[in-house]
């Protein structure tokens, strides 16, 4: 259950960052100079899971 909550939080945060009103972040994302990518690192197995949000 904790893992699902963490993953959900990562996805919400990525969406929020991508739609932020802060020009410092929005402009480079829009121009393709910066990507915001969500990921979850498993302490249990050391694997990183990337999210397509």
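Residue numbers (my numbering): 6 to 58.
Where is the CB? At the ideal position from N, CA and C, for every residue including glycine.
Exercise for review: For my contact list, residue 43 and residue 15 are in at a C-beta cut-off of 8 angstroms; report their separation, rounded to the angstrom.
Suggested key: 4 angstroms
**Study point:** Residues bridged to residue 44 [DSSP beta-bridge criterion]
**Key:** 55
Exercise for review: Alpha carbon to alpha carbon, how far is residue 26 from residue 34? Give it in angstroms, no decimals.
Suggested key: 12 angstroms
Practice item. Under the assumption that residue 19 contacts residue 56 (Cβ atoms under 8 angstroms), give the Cβ distance between them as a whole number of angstroms. Key: 7 angstroms
Exercise for review: Quick one: residues in its chain with C-beta nearer than 8 angstroms to the C-beta of residue 39, no 5 flanking neighbours on either side, listed in chain order?
Suggested key: 30 and 33
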